[in-house]
Amino acid sequence: MERTVTVDTPVDTVFAFMADSTSTERWDPPTVSTTRTAGDGGVGTTYHTVTKMLGSTQEIDYTVLQREEDALLQLEGDAGSVKLLDTIRFERTPEGGTAVHYRAEFHPVGLAKLATPLLPPGLKILGDQVASTLEDELRGLGRG
97 MERTVTVDTP VDTVFAFMAD STSTERWDPP TVSTTRTAGD GGVGTTYHTV
147 TKMLGSTQEI DYTVLQREED ALLQLEGDAG SVKLLDTIRF ERTPEGGTAV
197 HYRAEFHPVG LAKLATPLLP PGLKILGDQV ASTLEDELRG LGRG
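For the sequence shown, this note's numbering assigns the number 97 to the initial residue and increments by one for each residue that follows.
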């Protein structure tokens, strides 16, 4: 799943908001809660996320793999039957806003691989929802 959201909000504000992964509660519709479990937000920081989709609750443990101020965040997630890799790139626009390039990779493990053909339609819907909610949240930061 890949989406790009462009807003008028400055890149430092957008990066600071998204680098605190507990903010996913505000912009990732399936997220019920995200708690920092260790670290200061930099590389190696861990988060525990609870999501709910299609009536099913899923717990995911994330680790920050890369963090380049105002440029890049990469987190690896482990949900047991699915491994995730979220790569978020931040680009300053000529007008002083921010383009956020978000890529979420889902890698089913074991028996979950059988569901792989069913993923694309659901991921498109999820991607559209995430992009819309994220754009609204980031625009709100610029007005704050």
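Idealized CB from N, CA, C, for every residue including glycine. Nothing here was measured: the structure is a model prediction, and the numbers come from that model.
Query                                                                                                           : Result
Spatial neighbours of F111 in its chain, beta-carbon cut-off 6 Å, leaving aside the 5 residues before and after : D166 and F186
Residues near M114 by beta carbon distance below 7 Å, same chain, minus five either side                        : L169 and I184
Through-space distance from V226 to L210, alpha-carbon basis                                                    : For L210, the pLDDT reaches just 45, beneath the cut-off of 50, and the residue's location in the model is therefore unreliable, leaving the point undetermined.
Stretch pair the segment 100–107 + the segment 193–200: three plus CB contacts closer than 8 Å                  : yes
A115, DSSP secondary structure in three states                                                                  : helix
Close beta carbons around Q154, own chain, < 7 Å, minus the five adjacent residues each side                    : T147 and A175
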